[in-house]
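**Q** Going by my numbering, the first residue of the sequence shown is number -7, and it counts up by one from there.
Quick reminder that beta carbons are idealized off the backbone N, C-alpha and C, glycines included.
Since we're looking at a predicted model, the values are computed, not measured.
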Amino acid sequence: MGNFVCLHCKGEFDQRAVITDQSGNEFCCNGCMSVYNFLNSHNLGEFYDKLGNQKHFKAPNLIQIDSEAFYKNYVKNSDGFSEIYLIIDGIHCSACVWLNEKVLISSDGIIEVSLNSATHKAHIKWDDSIIKLDEILRKINSIGYTPIPYDPKKADLRASQKRREFYSKMLVGLFCTMNIMWVAVALYGGYFSGMSDDIKDILHFAEFILASPVLFYTGSEFYKGAYLAIKNRQANMDLSICAGANIAYFYSVYAMLSRSGEVYFDSVAMIITFVFIGKFLEVISKKKSIDTLDSLGALLVNQIYVKRDGKFELKDVNDIKPGEIIKVRSGERVMIDGVVVSGAGSFDLSSINGESLPVVISEGQKIISGAVCIDGSVEYRASELFESSILNKIIDLLHNASFKKPKIEILANQISAKFSLTILILGLMTFGFWLFDSGEISTAIIIAVSVIIIACPCALSLATPVATLIALGSAMRGGIIFKEAKVVESLAKCSCVVFDKTGTLSKSKLKVIKATKFKEYNQDLLYSLALSSTHPVSVAIRDFILAKELNLSDITNHNGLGMSAKYGNLDIYGGSAKFMAQMGFGEFEASGLEYYFAVGKEVVAKFELEDELRDESKAVINSLKKDGYKVVMLTGDNASVATKIANRLNIDEFYASQDPIQKAQIIKDLNSKSPVVMIGDGVNDIVALSAASVGICMGSGAQISIDKSDVVLLDDNLNSLLRALKLSKLTFRTIKENLIFTLIYNALTIPLAMMGYIIPLFAAISMSLSSIIVVLNSTKIRLKG
């Protein structure tokens, strides 16, 4: 009973299971037959040329898809079109990606398709009047793939499972390697001082037992990478590691069973375990890189108050049209951009444009989504759809954000790829030469293995991960979190440092910088009035006064302007220059943020306030400039406030009144000239943080900013920025030193091994010493960083 090969998936199957179409083509199942016929009927047979001889996968049978549930929970509207994010299950290679994109983009009504080959996450945009979602999903399913709606929670679960799997493999590797080292010490000692064959055999077998799970369980990830490299005909680090480890392992098994030669199980375990630690770091970073846009949900609400027939009622934000009247009360967040038609209020714009000071917005003024009403209430006319709001634009920009690998990482991969092929070829050439020269296969194997072992990619593989691992540990102890190892390298290349102002250079806290007394007054009155409000200005005033509380009556909050109250028969007022004018105290020229206090019928005091700078801000900026960094400040504050801050901190280049999208564009422009590191803390900074080469967030920053940044300063101190920059430069320099050393080491030792001057035992010792030198050189990061 012979086996047949399926025309679609290339899988073998028993003759009894064969399914034949009208043309006589043989398939393993109806799913594969349906996909094959679909592709050929749509002139997509090129897929099989791209696939080559690779085995594909068994196509699933067509499934019933609940498109209504997809529409309700996952479909969004953008610029009049529908869009959805899907995970396409069943993608195994670039041919799969090509096929899905080709089928979808060639369909009428589909506007845009992008598919990430690494995450299998697809973004599809279509015209719902031409093609429906259920038809799109059926097309994906009909070519053998299963569309799954993208759910961040499920994606996070998958990443957590992957991390646990890697953690388990790393523990096995560390346990076995530590124990195998003790056995190796005894064997090396016995090599020089003498040891009976029976004891040596027992120790060899113990090493074999310990090394096997390291190679086949911990090293399974390298086998997967090596398989993909062979399948795609592109050598990589995984292939190099597998080649060296497997040759050493199987030669050691041969030496153990034949009782001839030395074993190198310790080298196998060390190669796999140390390099796997670097791979484990990669898994952790991937978990962090899962789409965190849902964190913006904390800023969004589904329903807001809209005016209908003279009354306000709750309505879904997605159903609101331009021109409708929306009401925002104290404590609520603006969800749609518009223009105020009545009322006034004090709004906190720091989460959306970085404006550190509350802004009074009244009739006729524009109001933007993301602003929070501190006090008062307004009614405004919506000028945009929710999809066109500032918040939605920020989300779109983040969805399209892209990141490039550091050049040092690309260089290391290129070196290792060529290195792997070169060593394999040299090993084969050495084996052939010595087999022909000596006529003894054992001699040829021993010398060829010496070449492979002494040129083992262990030192090359450790050059980057060990240095970065030590750097990450040193940073962690200093309250600095690098989310990915590659960020250390990227940060070292940055020559321009861009600061957000509010919450970064400043403390996001107002303070009184000047108090002017026009007439003697009872400070207890002012303190009591300020105590009756939670407005940031009132908080700063009462912190400055620190007097005694009195019992006030008739306390009134004048929306976005100030407060009034009575103390006995005495009227008291506190607020802005505009408030004083409305209360009949005359006109006052305001040059910044000012608070006036009036008792009876006259103004008795004026207080000037400003955002309080961090104590270390000036020293940090001076240090950066001394080290040759270009320093830039970005802020949503007005030009007057920004100029004052820039002058105080000796910053020559700054940009004022910038919204999040403008900040991101400035970062992109600066980044095109030289790599930029951006330091911020608020929601308004997340697009800029993503646009920079490296985004750094203060530890007290908004959760979404922390999620979208590359580095977090846990101690919330700018001095940690200096430490991070110093550490990154030291680490990057150490990585280059390690790479140069390993290349020189291999250039010197490989020829000696090929000439037969180095036996496998000393090849392993030499390889181990090269790794130790790389590790020792990397430890200076801990001492100096």
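#1: Taking the alpha-carbon positions, what's the LYS319 to GLY554 distance?
#2: I'd like to know if the segment 169 to 182 and the segment 194 to 211 are in contact, where contact means that at least 3 CB-CB pairs between them fall below 8 Å.
#3: Rounded to whole angstroms, what's the CA-CA distance from PHE423 to THR265? Just pull it up for me.
#4: I need the boundaries of the beta strand (DSSP E) containing MET625, first residue and last residue.
#5: Going residue by residue through the segment 624 to 659, where are the continuous beta strand (DSSP E) segments of at least 3 residues, counting only ones entirely within it?
#6: For TYR77, does the three-state DSSP call read helix, strand or coil?
#7: Between ILE312, ILE359, GLY253, which has its C-alpha nearest PHE378's C-alpha?
#8: Can you tell me which of the three DSSP states HIS115 falls into?
#9: Under 8 Å, do SER259 and ALA240 count as touching if we go by C-beta distance?
#10: What separation, rounded to the nearest whole angstrom, lies between the Cα atoms of LEU744 and GLY186?
#11: Among MET625, VAL591, SER524, PHE197, which residue has its Cα nearest to the Cα of SER250?
#12: Compute the Euclidean distance between the alpha carbons of TYR246 and ASP193, then round it to the nearest angstrom.
#13: Do the segment 713 to 720 and the segment 470 to 485 make contact, defined as three or more Cβ pairs closer than 8 Å?
#14: Considering only residues of the same chain and omitting the five flanking positions on each side of LYS772, which have a CB-CB separation below 6 Å?
#15: Report all residues from its chain with a CB closer than 7 Å to the CB of ALA459; omit the five preceding and five following residues, and keep chain order.
#16: Apart from the five residues on each side of it in sequence, which residues of its chain come closer than 8 Å, Cβ to Cβ, to LYS776?
#17: Over what stretch of residues does the alpha helix (DSSP H) that includes GLN515 continue unbroken?
#18: Note the first and the last residue of the continuous alpha helix (DSSP H) segment covering VAL67.
#19: To the nearest angstrom, how far is it from the Cα of HIS550 to the Cα of ALA611?
#20: DSSP state of ASN769, grouped into three classes?
#21: Under 7 Å Cβ to Cβ from PHE339, same chain only, skipping five residues before and after it: list those, please.
#22: Between ILE678, ALA684, ASN561, THR435, which has its C-alpha nearest ASN663's C-alpha?
#23: In the structure shown, what three-state DSSP assignment does TYR820 receive?
#24: Report, in whole angstroms, the separation of the C-beta atoms of LEU601 and VAL504, which I expect to be a contact under 8 Å.
#25: Straight-line CA distance for TYR215 to ASP190?
#26: Start and end of the alpha helix (DSSP H) containing GLU729?
#27: Taking the C-alpha atoms as reference points, what is the distance between GLY419 and THR210?
#28: Name the DSSP beta bridge partners of PHE787, please?
#29: Check for me: the alpha helix (DSSP H) holding MET572 runs from which residue to which?
#30: Assess contact between the segment 515 to 533 and the segment 316 to 335, defined as three or more Cβ pairs (one per stretch) separated by less than 8 Å. Is contact present?
#31: Taking buried to mean at least 16 other C-beta atoms within 10 Å of its own C-beta, is SER252 buried or exposed?
#32: By Cβ distance below 6 Å, which residues in the same chain neighbour ILE764 in space, the five residues on each side in sequence not counted?
#33: Which two residues bound the contiguous alpha helix (DSSP H) that contains LYS618?
#34: Could you compute how far the alpha carbon of LYS506 sits from the alpha carbon of ILE547?
#35: Could you give the distance in angstroms between the alpha-carbon of SER381 and the alpha-carbon of VAL309?
#36: Measuring straight from C-alpha to C-alpha, what distance separates TYR28 and ILE132?
**A** On the basis of the data shown:
#1: 21 Å
#2: yes
#3: Each residue's CA atom was taken as its position, placing PHE423 and THR265 some 28 Å apart.
#4: Start and end: 622 to 626.
#5: 645 to 647
#6: strand
#7: ILE312
#8: strand
#9: yes
#10: 27 Å
#11: Just measuring C-alpha positions, the residue of MET625, VAL591, SER524, PHE197 sitting nearest SER250 is PHE197.
#12: 13 Å
#13: yes
#14: none
#15: THR723, THR726, ILE727, ASN730, SER770, ILE773
#16: LEU722
#17: 515 to 523
#18: Careful: VAL67 lies outside any alpha helix (DSSP H) and carries neither H nor E.
#19: 41 Å
#20: helix
#21: PRO350, VAL351, ILE353, ALA363, VAL364, CYS365, ILE366
#22: ALA684
#23: Beyond the ends of the chain as shown, which are -7 and 777, falls residue 820; an answer cannot be given.
#24: 6 Å
#25: Those two C-alpha atoms are separated by around 34 Å.
#26: 711 to 746
#27: 26 Å
#28: Nothing can be reported for residue 787: it is not among the residues displayed for the chain, which extend from -7 to 777.
#29: 569 to 574
#30: no
#31: exposed
#32: Leaving aside the five residues that flank ILE764 on each side, none in its chain has a CB nearer than 6 Å to its CB.
#33: 609 to 618
#34: Roughly 26 Å between the two C-alpha positions.
#35: C-alpha separation (whole angstroms): 11 Å.
#36: 14 Å
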